[in-house]
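J.:
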Amino acid sequence: MYQNAHHTLRKLMSPAIPVHSYSDMLRTEPGRLMIFMREDDHQFRHWMVSLGNGRFAGMNNMKIAAHLGEEKRVLLMEQLGEFRNNLLYPRGAKYGFRIVKHTLGVKPPARSLLQVAKELLHRSTLPQSACEYALNILVHANRLSPQQSAAVQETMAHLVNLSNGGLLSQHKLEDVLLDIQLVTHSMALRDLEPGKLVVCYTPENHYHMLLSLGDNHFAGGNNHQFNNKLGEKDNIIGAQQLGLFNKGFLQ
Numbered sequence: 001m002y003q004n005a006h007h008t009l010r011k012l013m014s015p016a017i018p019v020h021s022y023s024d025m026l027r028t029e030p031g032r033l034m035i036f037m038r039e040d041d042h043q044f045r046h047w048m049v050s051l052g053n054g055r056f057a058g059m060n061n062m063k064i065a066a067h068l069g070e071e072k073r074v075l076l077m078e079q080l081g082e083f084r085n086n087l088l089y090p091r092g093a094k095y096g097f098r099i100v101k102h103t104l105g106v107k108p109p110a111r112s113l114l115q116v117a118k119e120l121l122h123r124s125t126l127p128q129s130a131c132e133y134a135l136n137i138l139v140h141a142n143r144l145s146p147q148q149s150a151a152v153q154e155t156m157a158h159l160v161n162l163s164n165g166g167l168l169s170q171h172k173l174e175d176v177l178l179d180i181q182l183v184t185h186s187m188a189l190r191d192l193e194p195g196k197l198v199v200c201y202t203p204e205n206h207y208h209m210l211l212s213l214g215d216n217h218f219a220g221g222n223n224h225q226f227n228n229k230l231g232e233k234d235n236i237i238g239a240q241q242l243g244l245f246n247k248g249f250l251q
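The sequence shown begins at 1 in the working numbering and counts up by one.
1) Can the beta-carbon of phenylalanine 97 be found less than 8 Å from the beta-carbon of phenylalanine 36?
2) When the Cα atoms are used, what is the spatial distance from tyrosine 89 to valine 74?
3) In the DSSP assignment, find the unbroken alpha helix (DSSP H) run with methionine 25 in it and report its ends.
4) Please classify arginine 190: does DSSP put it in a helix, a strand, or coil?
5) Relative to the C-alpha of valine 116, which candidate in Thr103, Ala134, Gln128 and Ser129 has its C-alpha closest?
6) Would you kindly work out how many angstroms separate the C-alpha atoms of methionine 209 and asparagine 216, rounded to a whole number?
7) Measuring straight from C-alpha to C-alpha, what distance separates valine 139 and valine 198?
8) Just list the residues that DSSP pairs asparagine 246 with in beta bridges.
9) Three Cβ pairs or more, each shorter than 8 Å: is that satisfied between the stretch 71-87 and the stretch 185-195?
10) Given that a residue counts as buried once 16 or more other Cβ atoms are within 10 Å of its Cβ, and exposed if not, what is phenylalanine 44?
11) My output table needs one value for glutamate 78: the three-state DSSP class, helix, strand or coil.
12) Enumerate in chain order the residues of its own chain whose CB-to-CB distance from phenylalanine 226 is below 6 Å, with the five nearest sequence positions on each side excluded.
13) From the DSSP output, in three-state form, read off valine 199 for me.
14) I need the straight-line Cα distance from serine 21 to histidine 122, nearest angstrom please.
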């Protein structure tokens, strides 16, 4: 009976993708089924569901390690153990687990960033910081955990000199943001994929941050302070509303 049920389940799942590190776990999309197998006998021991951003839900987690208990819990990847030689070793264990991830054949449609941004507009209070506003959308879209958002905000705060009017400091943005792409014309701005942070700054180091929502939509807090032609409620705008490019500079 168990073998037949297991065979049926395998038919519903996509091919297994090995998980070898925290980085692999962090990149695991919400809804993925995580399978844990003991390295010494290769037998299935436990499964959990990824919630995204290194968080996993399951019950009877004592099958991985006794201290994780039997109750339903959401655990961070670090709580499950540490990786050595592509295996996950629970705290205090002498054995490791091989982990693979699957996708079940049916999954709910994901909300677009534009949908999430529009939904958040109806909230009574919105974040005042342009950085927090953009990251808040990623958190509610399950693209970023609250802890990751807080860490990015803290790091960005170190780049801003409050004693000098909140200007961007001379530290390089490359130290904070990855895959930086210089945008010098309107077409490149319109074609930015969803989820990209857009940082506009002047030679005097005044700066403004927005989030690309895709399909030529951008979300930002207090956009009217960046462009005085915009109203206070113009939080979702198009590239043309940001301004026009002249010799590679947005004006």
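Even glycine gets a Cβ: it sits at the ideal position worked out from N, Cα and C.
T.: So, from the data block:
1) Here residue 97 refers to the residue found at position 97 when the sequence shown is read from its first residue. Here residue 36 refers to the residue found at position 36 when the sequence shown is read from its first residue. Yes.
2) Locating residue 89 in the sequence shown gives position 89, counting from the first residue. Locating residue 74 in the sequence shown gives position 74, counting from the first residue. For tyrosine 89 and valine 74, the distance between alpha carbons rounds to 18 Å.
3) Position 25 of the sequence shown holds residue 25. Run containing methionine 25: 22-26, per the alpha helix (DSSP H) assignment.
4) Translated into the one-based positions of the sequence shown, residue 190 becomes position 190. If DSSP states are grouped into helix, strand and coil, arginine 190 belongs with the helices.
5) One-based indexing of the sequence shown puts residue 116 at position 116. Relative to valine 116, the option among Thr103, Ala134, Gln128 and Ser129 whose CA is nearest is Ala134.
6) The residue given as residue 209 occupies position 209 in the sequence shown. The residue given as residue 216 occupies position 216 in the sequence shown. Distance from the CA of methionine 209 to the CA of asparagine 216, rounded to the nearest whole angstrom, comes to 16 Å.
7) Here residue 139 refers to the residue found at position 139 when the sequence shown is read from its first residue. Here residue 198 refers to the residue found at position 198 when the sequence shown is read from its first residue. Approximately 17 Å between the Cα atoms of the pair.
8) The residue labelled residue 246 in the question sits at position 246 within the sequence shown. In the DSSP output, where bridge partners are listed per residue, asparagine 246 has Phe249.
9) Contact fails: fewer than three Cβ-Cβ distances are below 8 Å.
10) In the sequence shown, counting from the first residue as 1, residue 44 sits at position 44. The residue is exposed, with fewer than 16 neighbouring Cβ atoms inside 10 Å.
11) Looking up residue 78 in the sequence shown gives position 78. Here DSSP, grouped into helix, strand and coil, assigns glutamate 78 to helix.
12) As a position in the sequence shown, residue 226 is number 226, starting the count at 1. Around phenylalanine 226: His208.
13) Along the sequence shown, read from residue 1 onward, the residue named residue 199 stands at position 199. Strand at valine 199.
14) What you label residue 21 is simply residue 21 of the sequence shown in a count that begins at 1. What you label residue 122 is simply residue 122 of the sequence shown in a count that begins at 1. Spanning the alpha carbons of serine 21 and histidine 122 requires a straight line of approximately 39 Å.
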